[in-house]
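**Q** Protein chains in written order, with the working numbering: chain L, 56 to 716; chain R, 56 to 716.
Ideal Cβ positions, reconstructed from N, Cα and C, are used throughout, including at glycine.
Following this message is one structure expressed as structure tokens.
2 protein chains.
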Amino acid sequence: MTTSILPPKTQQNASDKKTDALKTPAHRSAKDTRFEEDARDLHRILPASQKVYIQGSRPDIQVPMRKITLDPTPIQGVDESDWEQNPPFYVYDTSGVYTDPDAQIDLTRGLPKLREGWIAERGDTEQLSGLSSSYGQARARDITTANLRFSHIDKPRRAKKVNGKAGNVTQMHYARRGIITPEMEYIAIRETQKQHELTDMRQHDGESFGANTPKIITPEFVRSEVAAGRAIIPNNINHPESEPMIIGRNFLVKINANIGNSALGSSIDEEVSKMTWATRWGADTIMDLSTGNHIHETREWLIRNSPVPIGTVPIYQALEKVDGIAEDLTWEIFRDTLIEQAEQGVDYFTIHAGVLLRYVPLTANRLTGIVSRGGSIMAQWCLAHHTESFLYTHFEEICEIMKQYDVAFSLGDGLRPGCLQDANDEAQFGELRTLGELTKIAWQHDVQVMIEGPGHVAMNRIKENMDLQLETCSDAPFYTLGPLTTDIAPGYDHITSAIGAAMIGWFGTAMLCYVTPKEHLGLPNKKDVKDGIITYKIAAHAADLAKGHPGAQARDNALSKARFEFRWDDQFNLALDPDTAREYHDETLPKDAHKSAHFCSMCGPKFCSMKITQNVREYAKGLDASESLGTEAMSAAGIEQGMQEMTEKYHSEGRQLYKEV
Amino acid sequence: MTTSILPPKTQQNASDKKTDALKTPAHRSAKDTRFEEDARDLHRILPASQKVYIQGSRPDIQVPMRKITLDPTPIQGVDESDWEQNPPFYVYDTSGVYTDPDAQIDLTRGLPKLREGWIAERGDTEQLSGLSSSYGQARARDITTANLRFSHIDKPRRAKKVNGKAGNVTQMHYARRGIITPEMEYIAIRETQKQHELTDMRQHDGESFGANTPKIITPEFVRSEVAAGRAIIPNNINHPESEPMIIGRNFLVKINANIGNSALGSSIDEEVSKMTWATRWGADTIMDLSTGNHIHETREWLIRNSPVPIGTVPIYQALEKVDGIAEDLTWEIFRDTLIEQAEQGVDYFTIHAGVLLRYVPLTANRLTGIVSRGGSIMAQWCLAHHTESFLYTHFEEICEIMKQYDVAFSLGDGLRPGCLQDANDEAQFGELRTLGELTKIAWQHDVQVMIEGPGHVAMNRIKENMDLQLETCSDAPFYTLGPLTTDIAPGYDHITSAIGAAMIGWFGTAMLCYVTPKEHLGLPNKKDVKDGIITYKIAAHAADLAKGHPGAQARDNALSKARFEFRWDDQFNLALDPDTAREYHDETLPKDAHKSAHFCSMCGPKFCSMKITQNVREYAKGLDASESLGTEAMSAAGIEQGMQEMTEKYHSEGRQLYKEV
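Below, the structure written as structure tokens:
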């Protein structure tokens, strides 16, 4: 793999001046070496893994998956070449070409523009002569940020006008016209996960509360879900580098990782590094929540290099433009910000259009008020101007902008609860109902919509959230932050919220926004990002299993089989985090010989229960148990006879319940 | 505090030879300094905390709690002496006298024998002239283990005979005779948690699925729950050092931490250190699952120094006595082991009496067979002898032993599922039904019983476990291991299982057995123990909240209020893990000045939503919103007028939505 990341210090080239500038944030903490990773570590492919591509109906549809190769199952007394082969296992892969050894990576040039041809062949967009937003133009001319700027920016695309009016290039627009786009086919292949090649597809029935999760996902199914608004494909025409993905209740539950600098920490290269790190571990989308320096430039670097959709909260940047004085915000500044960000390629916007003036007083008696940044900004604006939010009053104009680039709405939950006491109150549910109304308006413009949700909610009050959202928002996808199921564990809020996230994912939530151990305390570092992602992959997968998503249990089966057969390397390699699993095992049994050991340090060789289970199977086989496993079906005489035979065999074979390798 | 733990190396005294021996396990890993803590760190009381005792109806009932002192709420422009006082917060405290600065601690002498007087005054026990078990006697004479032995062992107590038959001294026996013991009163005070002194008792209704959780727990309520078998008080008359606690659906959900050495790691002092560490962080009981060296001696040290009940799995030690050959086990060896352990003071025994011969073949087609150590040992024995388990056939004799010391049953789930595919199968549920039958037999002897449960179970199949257990086991308390809700995350199984544990606790499980990050991979170290405990405190508390346990939400309210008011120290100090919360915050904002900062590094000063919420409250107050908070009730004219007034005030006061300190 030819990798030229932000060049290591040993190399000198023209971009050094730029990359040095990227490493200098306004305020740097003492530990500023934390992101200066060895490039090899960041992009090292996971163990026993290989990037493979599944071709669709045309050669330019190449859907990535990660193929994990497994060891054979040892059979005692049998030549190794005759051991039971375990076929490779394929997993969904969000890491992009970073883990493709054949790819040439140059962060200063960005990723391959994978969707460029599909966008062009639709013939409904045009490349503009320059940026449309005033701010974007001003920034491009700004000498002081020149050294931070991504060099190879294409002129943006936008929908061609149709009969003098703004055109519409959203995936929903195509879907509603019966068109199956290459993106939809790509997604169908991606979601199906090569299930026909899985060995152990056993799983138990789920309870999906009315979801519809077919065994094989077809491109037509994708189209119909998008047309109905039950799912969204977030992919701005100006982010052709993204690998298409879908967010919807009838697809795999997805997770989002938040990154972004603040005035008090982090730099552009740290944020890019967090993004590639996050997608390596499984983030399906990334939100750039920067509030610090150089929001515009940071975002450009991220989008050009991100294989996953990027979301933002445009009001943050708009607020920076008015020096943090919320009441100085105007619709015009916000509108310009939307266009600026859409032309860079942001795939979805969080917009708190449901924070209405009349809901604001409903937060007066709350214990923790308004905890959403965007929500409190808009509340402040409404108070200062004593008038309805411009996000609400100009909502249709926002739709008009978004449809021309295919930016999706993430209708923000500005009034979500920040503690258990505030959960499910009038402010929160009032806003949710308004988001339902706004969804219908957006759909009149074929603009894709997902709905954001809480927050902090005790377990017994979670389902009410899901039920109300389904009812009021016409089945638009739900995208929640947790929820946290208790407030008493700062430092562990990835866990307090994983409980709620798993449950609400089970009930129908389509995407779960991660929470890191740093929640409530500070900006997450790289380890926090990974901890948050693995935790949320757990929650999303637990939800898929409980829903009975077809094929979800295959990975659990494969890993459990490896565990039972003491194929330690396979157990680690099939895990969500092979590195940590291996490292923890090696803390007490580091030698490679132990990787075939039929025990671990938990119990030692005498006590391992898996070690002494094997003969039970032999015994039961002897009783032809596969045909008569019911308790009633086994006659006392049959048991007696079978046991006698087995006892004789057991003693004659050396009294080993478990046959050693 | 006068502390003489295993003496630090700088001191020389008579017990040095012994303590050196305690530090040398059979096999020591390279990192063997990990438990040689500075004694001050181990027993340092948590921040802003003080041990307090609540006296009961008699002076020798002194119930410990931890009192957390809080800062006042700053009010701008008001003298500090007039700030709003926040009363101290009291939390349930499992840490014993280790966190009492007035206590004299000497691990070589053991803890104060708190219950000794209560046991003696009942007059129904006698001190024996020596140990009753052959093994115990042999061990006491064994020169080679002399240097490991706890020196100050009292002769054991046992129930006096009644009319020539074995006496009965269980708490259930007393409860069923209408007797309220001092232990029951102690527990009532402990469970009530000084609720009448809590400030913010607001919480939402729970859904407890039929539990009965009264606002104030009385000693009579405790008695009636124990009499009915719905709760157990695990306290062997030979463990008078333990602080009484209760395990039952109608009480706070409890957690257990497993410790114990194996042939491949850990020493006696490491295990004692893990025990005091675990109780410091909140473990309600400890199980000593040692399988390695010196099980007998290790256990003695643990019991003599443990403020919480200790559980064991006697079959492990019995197996050691026959050199690990399961088929060489006999009822006699097992019986002797029960007596040996009961006379040391073990408070509950895990006994896999439900692993019946007929269930064993039902595991033949399982993916991971039998994962319980005890279960697989008994399965092996049954096969070898082609006869029913001696645990089952001698069950009443076991009851006869246990009632004489008040050891409780933890009826083991030897056939629990080790992966999602095996969950809820015939083997597992068959065993559960047998445990239900055995419960009734135990209750005929007034022996206390709790029932162990799974394991690995997908979320949608968890409630079925709880419902079946309630139905078949006559409401005996349920004690589960997780369950893990997916198999794919070794290294993170504390999280995969926290999801299931929180849910099954909500549904009615009384105690949750923790899982550490090392599950499936190796023996947990000290950090793993803490991670497991904090995670399970989260799960248990989330369950209490969802059940609507009275007063559960008070801590969430207090912490959220501190968070909202930027009382950072209070937020940390009220957290389950104040050290980590503070450490994470300080990573990016370490200066003490920042502890009053009205922001953190997540968003910085301009963006903090809590920072800009304050004026919303003012505004709504101005509208007399507390009387007319309904959307409908606020007339447009009223809103308009109120807003105009507030806008004028807002601008005149310097346009700060948030008043700075």
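Between T392/R and the rest of its own chain, which residues show a CB-CB distance below 6 Å, the 5 nearest in sequence each way excluded?
**A** Same-chain partners within the cutoff: P369, Q372 and A373.
**Q** Note down, in chain order, each residue of its chain lying with its Cβ closer than 8 Å to the Cβ of K168/L, except the 5 sequence neighbours on either side.
**A** Counting only Cβ-Cβ distances below 8 Å, and skipping sequence neighbours, we find P295 and E296.
**Q** Mapping the DSSP letters down to three states, classify S317/R as helix, strand or coil.
**A** Here S317/R sits in strand by DSSP.
**Q** So for I406/R, helix, strand or coil by DSSP?
**A** Here I406/R sits in strand by DSSP.
**Q** Please state the DSSP three-state secondary structure of A103/L.
**A** Note: A103/L maps to coil in three-state DSSP.
**Q** Going by other Cβ atoms of all chains shown within 10 Å of its Cβ, with 16 needed for buried, is H207/R buried or exposed?
**A** Classification for H207/R: exposed.
**Q** Are there 16 or more other CB atoms within 10 angstroms of the CB of Y403/R, so buried, or fewer, so exposed?
**A** Counting Cβ neighbours within 10 Å, Y403/R comes out buried, since at least 16 surround it.
**Q** Name, please, each residue of chain L whose Cβ falls closer than 9 Å to the Cβ of Y145/R.
**A** Within chain L, no residue comes near Y145/R; the closest Cβ sits about 14 Å away, beyond 9 Å.
**Q** Spatial neighbours of G424/L within its chain, please: CB distance less than 6 Å, with the 5 preceding and 5 following residues excluded, ordered by chain position.
**A** Same-chain partners within the cutoff: T418.
**Q** By Cβ distance, which residues of its chain are closer than 7 Å to A266/R, with the 5 residues on each side in sequence left out?
**A** Around A266/R: R304, N305, G563 and K602.
**Q** When you compare only the Cα positions, how much space is there between T551/L and L203/R?
**A** Near 42 Å, if we compare the C-alpha coordinates of L203/R and T551/L.
**Q** Here's the rule: buried if 16 or more other CB atoms are within 10 angstroms of the residue's CB, otherwise exposed. What is P269/R?
**A** By the neighbour-count rule (16 or more Cβ atoms within 10 Å), P269/R is not buried but exposed.
**Q** Quick check on D458/R: buried or exposed, where buried means 16 or more other Cβ atoms within 10 Å of its Cβ?
**A** A quick correction: the sequence has Lys, not Asp, at residue 458/R. By the neighbour-count rule (16 or more Cβ atoms within 10 Å), K458/R is buried.
**Q** Name the residue from I288/R, S184/R, G409/R and S615/R whose alpha carbon lies nearest to the alpha carbon of D477/L.
**A** Nearest of I288/R, S184/R, G409/R and S615/R to D477/L, Cα basis: S615/R.
**Q** Which bits of chain L does H596/R rub up against, with CB to CB less than 7 Å?
**A** Those within 7 Å of H596/R in chain L are T541 and I543.
**Q** Verify the CB distance criterion: does S615/R have a CB-CB separation below 7 Å to chain L?
**A** Taking Cβ atoms only, chain L reaches closer than 7 Å to S615/R, which makes this a yes.
**Q** Using a 10 Å radius around the Cβ and a threshold of 16 neighbouring Cβ atoms, would you call D209/L buried or exposed?
**A** So D209/L counts as exposed.
**Q** Note down, in chain order, each residue of its chain lying with its Cβ closer than 7 Å to the Cβ of A312/R, except the 5 sequence neighbours on either side.
**A** The answer, listed in chain order, is A333, A338, I341, Y569, V584, G587 and I588.
**Q** Pull up the distance between the alpha-carbon of R194/L and that of L523/L, whole angstroms please.
**A** Looking at the two C-alpha atoms, the distance is approximately 43 Å.
**Q** Span of the alpha helix (DSSP H) holding T392/R?
**A** Unbroken alpha helix (DSSP H) run through T392/R: W386 to Q399.
**Q** Alpha carbon to alpha carbon, how far is A680/R from Q258/R?
**A** Only weak support is given to the placement of A680/R: the predicted model assigns it a pLDDT of 44, under 50, and the question is left unresolved by the model.
**Q** Between H549/L, T527/L and D501/L, which has its C-alpha nearest G537/L's C-alpha?
**A** Of the candidates H549/L, T527/L and D501/L, the one whose C-alpha sits nearest the C-alpha of G537/L is H549/L.
**Q** Which whole-angstrom value is the C-beta distance of S465/R and G366/R, which I expect to be below 8 Å?
**A** Sure, about 6 Å apart at Cβ, within 8 Å.
**Q** So which of K518/R, F205/R and P289/R has the shortest CA-CA distance to I242/R?
**A** Out of K518/R, F205/R and P289/R, P289/R has the C-alpha closest to the C-alpha of I242/R.
**Q** Cβ of L576/R less than 7 Å from any chain L Cβ?
**A** Chain L, which has a Cβ nearer than 7 Å to the Cβ of L576/R, makes this yes.
**Q** Thinking C-alpha only, which one of L578/L, Q117/L and E382/L is nearest Y639/R?
**A** Closest by alpha carbon: L578/L.
**Q** Quick one: which chain R residues come within Cβ less than 9 Å of C474/L?
**A** Here the neighbours are D611, N612, L614, S615, K616, R618 and F619.
**Q** Under 7 Å between C-beta atoms, does G546/L make it to chain R?
**A** Chain R contact via Cβ: present.
**Q** Rounded to the nearest angstrom, what separates P633/R and I301/R at their Cα positions?
**A** Taking the straight line from one Cα to the other gives about 26 Å.
**Q** Taking I456/L as part of the alpha helix (DSSP H), name the residues at either end of that continuous run.
**A** Where I456/L is concerned, the enclosing alpha helix (DSSP H) stretches over F450 to K458.
**Q** Alpha carbon to alpha carbon, how far is V41/L from T273/L?
**A** This structure cannot speak to residue 41/L, because chain L is shown only from 56 to 716.
**Q** Which residue marks the beginning of the alpha helix (DSSP H) containing E519/R, and which one marks its end?
**A** It spans I517 to T527 - the alpha helix (DSSP H) in which E519/R sits, taken as one unbroken run.
**Q** Does the CB of L422/L have a neighbour CB from chain R at under 7 Å?
**A** Closer than 7 Å to some Cβ of chain R, the Cβ of L422/L qualifies, so yes.
**Q** Pull up the distance between the alpha-carbon of E139/L and that of E620/L, whole angstroms please.
**A** When rounded, the distance between both Cα atoms is 11 Å.
**Q** What residue range does the beta strand (DSSP E) around D161/L cover?
**A** Q159 to D161 is the span of the beta strand (DSSP E), which, as asked, contains D161/L.
**Q** Run the CB neighbour count on V146/R, radius 10 Å, all protein chains shown included, and call it buried at 16 or more, exposed below.
**A** Under this definition V146/R is a buried residue.
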